[in-house]
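Protein chains in written order, with my numbering: chain G, 2 to 417; chain B, 441 to 735; chain Y, 39 to 332. For glycine and all other residues, C-beta sits at the position ideal for the given N, C-alpha and C. In this text, all values refer to a predicted model and were calculated from it rather than measured experimentally. Take a look at the structure set out below.
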């Protein structure tokens, strides 16, 4: 029935093609940190969203309405709320997507919630964002704790198994930069690793802006860690690897939890030594056989367009921007038939996409009112990837994997 | 635990060498012009981008590119001095701080506009190489950085001791007024000092390119430690910058290992405040240096 | 008319008043006492954090939070700055630069009270007793009052004995001492006033933005922004911070509306540099000078 309806709509759209051109544009806000030290991934997140808008527009927009993104630069929480206010009351936008960083999302979504608008989060992963009981806050992406838990889980399911050891025979060390992102992922990983029976040596926070991590690496050496789980920001990730090599610290496995660990610049900085390192986050490289045909086609088109537009393979951050925005436009806005926030919220809550229905493999089903995680997409999940031959491949869960994990235990540095 | 001590000390010394390298230009500029150059980190950043592109486009080794980039940044420094620094030499120091801070904002965002926010890195054979001496590993890139810092400090000290310009500069540092009475062209020397100071930053930038990522805001991360080092060693003292760098490097590595990695930055700050209070002129600074201010 | 009451413009006006007040508090120390602090983010963040902790952790009205914020911040400002008074010129600035960095590390680690790196989100419960308002106009009134209070205190100082003492100490400490001025006492007094007012600004920020986390509260950029407005407007003049904020805060807003990314801050930096080079006394100072020259 739904498909029939959609078909009719398309027919109607084609039939009224000429007049559709004259339909008013639909404008939605896009708030990302475009300057400052979050600029790199903020821009990447936005670039993904832009591709979604382009694709929708080229296919005739939503109900004949062309979509226009109005961007705002949210580089600090103070700017984030100010830009959110600008988009909401000066540009009169009811729908805002964003924000890449959780701190910025906290500040900006307060403003939109007060305006009764819809805040569509396609990046911030702090668990607390969807624990505020906001009615107009929807998060498509998975939470920080699910990512940390996955890191600990693959330590058991993949690494311990390959090493042919019990978790209790293995020592895990968790290192992380001390921002919200690093801390919440690392704490979840620590709790899960303990629960799984690993011997957790320590959880070591550090400042991401630090210029030297030799003391961290030497503690890693002293702890005798077999498995290291790391949440890093940028330079710190490069320093950890290079200083591990220089100080001759070898581990059986190294798991990064997204961010820099999934970016091409990480591989560029390490060359062949990157191979074997795990990375937990979403992935644009998942096995498309597990996706619906539509989702697989969408993913292929997105990748092609992204590479053409920005000259690089989309990272996870770019892909989540795309997927989030595409779901908003193609599924929610189309169903609501307008950009009225109340209609959009209803449409979002009634959304029921099975696993495999979006290009990242996720389904979409938002936790409803009264749920402690109101507005969270319950069907979003991270996957485990591994760098193999200079590229990221998905190694777990089984359904989405494209290759088996290799290089466990990691060869010593001299052999990498 | 004790067996790791030699490694900790060596690692501390090596990072201390990097800190010294970051600080030498800063201390020179302060010594002569009495200005804290808040844009020093951005000159380092520019040099890093320079070394990155030279390596990327023509495969020039970053250490070789010092000979291309340092002169370019030197000229940029001369221009900056002429346009920005000279007019504010006698302004209240709030103005001086914000003039150099203005340069820093401009350079950072110029880099962001031109090259985007990506993290760029180059990998050379020595990027991750290390020499093993007994149980101690010595990082090649840090060792070279350390040696370059020493060579640069030696060259600067030699220049200040023996060359005509150098002597004039020292006279200027001791007593600007008397120096100008003696017919020393203070304006030209100021410009020279600023140019050489930022050229030192350029050298540091080239040395850091094989170690760190290059991106528009990298200068901020690097420069805070340099402030600490310079104040500790004594603003204006080149030898002080080396000693200050080593002290901070070793202290940080030891606290990082024995107490907490996160507190290693805090310890540097505590040391910094302590030095300012106990011996505000720094270890090797001349007494009264910190009080000269505008006069 | 109604276009001007648009929430966005009201928000810009609120921020203009808030930054003017914060910068005015800084100006007391820097403009009159020559104590160019680069650490005011520490006092600002502390004020905001104390407010938020009192409200969310102890469930007391933010009005108590305001009182607590001002007391705690004044105490810490005095304790931190006192030893630094012996440092002059750029050395004082460099020392103060590290206050916020240290505070950030503390805020990140004292999780029990500060909730660490995840920050504190203050629930939106409008009401005068919570100092949370549905209308941005109410915030504007409050921010305006804060700005006027700072202005009046500055004027009182500008005209009064305290200001004269401070200027005397700034310009010629030896003579000031020989006249019997207790330099340390005067500096402490102005630091206390400046710290308390900055904390009040932090209190306002917390109840207005309703979210605070260590990296944004204790950011060097906050310290710089606070100082910058006085520099542009006119250091050591009561109206300077207000004029500076009136110019720069809306300019920043307009720039982010029309220019994204790097170019915005590039222009911001150029404006700063131009003012410093062409009008080193700031706008107010330059106008005054022109008048005198006639």
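Chain Y within 9 Å of residue i, Cβ atoms only
i	result
residue 571/B	no
residue 699/B	no
residue 80/G	yes
residue 507/B	no
residue 447/B	no
residue 326/G	no
residue 553/B	yes
residue 484/B	no
Alpha helix (DSSP H) segment containing residue i, residue limits
i	result
residue 333/Y	Given a span of 39 to 332 for chain Y in the structure shown, any question on residue 333/Y remains unanswerable.
residue 307/G	294-311
residue 72/G	Residue 72/G -> not in any alpha helix (DSSP H); beta strand (DSSP E) instead, spanning 68-74.
residue 94/Y	78-94
residue 646/B	626-648
residue 83/G	78-86
residue 705/B	703-718
residue 367/G	No alpha helix (DSSP H) holds residue 367/G; DSSP gives it neither H nor E.
residue 470/B	445-473
residue 383/G	Run containing residue 383/G: none; DSSP gives neither H nor E here.
residue 132/G	Where residue 132/G is concerned, there is no enclosing alpha helix (DSSP H), given that its DSSP letter is neither H nor E.
residue 55/Y	45-65
residue 607/B	604-614
residue 181/G	181-196
residue 114/G	103-115
Beta-bridge pairing of residue i - partner residues as DSSP gives them
i	result
residue 174/G	203/G and 229/G
residue 571/B	578/B
residue 392/G	389/G
residue 260/G	Bridge partners of residue 260/G: none, in fact.
residue 97/G	30/G and 120/G
residue 139/G	121/G
residue 354/G	365/G
residue 249/Y	159/Y
residue 165/Y	170/Y
residue 560/B	654/B
Cα-Cα separation, residue i to residue j
i	j	result
residue 166/Y	residue 635/B	58 Å
residue 182/Y	residue 55/Y	6 Å
residue 3/Y	residue 109/G	Examination of residue 3/Y is not possible in this model, given that chain Y is present from 39 through 332 alone.
residue 199/Y	residue 279/Y	21 Å
residue 178/G	residue 217/G	11 Å
residue 70/G	residue 31/G	6 Å
residue 278/G	residue 272/G	12 Å
residue 498/B	residue 265/G	21 Å
residue 36/G	residue 654/B	16 Å
residue 360/G	residue 83/Y	42 Å
residue 491/B	residue 213/G	21 Å
residue 716/B	residue 665/B	15 Å
residue 121/Y	residue 712/B	13 Å
residue 605/B	residue 458/B	27 Å
residue 194/Y	residue 292/Y	34 Å
Residue i - containing beta strand (DSSP E), residue span
i	result
residue 281/G	279-282
9 Å Cβ cutoff, residue i in contact with chain G
i	result
residue 694/B	yes
residue 326/Y	no
residue 568/B	yes
Below-9 Å beta-carbon distance, residue i vs any chain B residue
i	result
residue 276/G	no
residue 179/G	yes
residue 46/G	no
residue 215/G	yes
residue 225/Y	no
Counting only Cβ-Cβ distances shorter than 9 Å, please list the residues of the segment 531-546 of chain B near chain A, keeping chain order. Checking the listed chains, one finds no chain A in this structure; the protein chains it contains are G, B and Y.
How do the segment 167-183 of chain Y and the segment 259-278 of chain Y stand: do at least 3 beta-carbon pairs fall below 8 Å, yes or no? In short, these stretches do not touch, since the Cβ pair count stays below three.
Below 8 Å, can you find three or more Cβ-Cβ pairs linking the segment 300-313 of chain G to the segment 25-43 of chain G? No: the two stretches stay apart, fewer than three of their Cβ pairs being nearer than 8 Å.
With three or more C-beta pairs closer than 8 Å as the rule, is the segment 139-155 of chain Y touching the segment 240-252 of chain Y? They touch, by the three-pair rule.
Sufficient close CB pairs (3 or more, under 8 Å) joining the segment 47-56 of chain G to the segment 319-326 of chain G: In short, these stretches touch, since the Cβ pair count reaches three.
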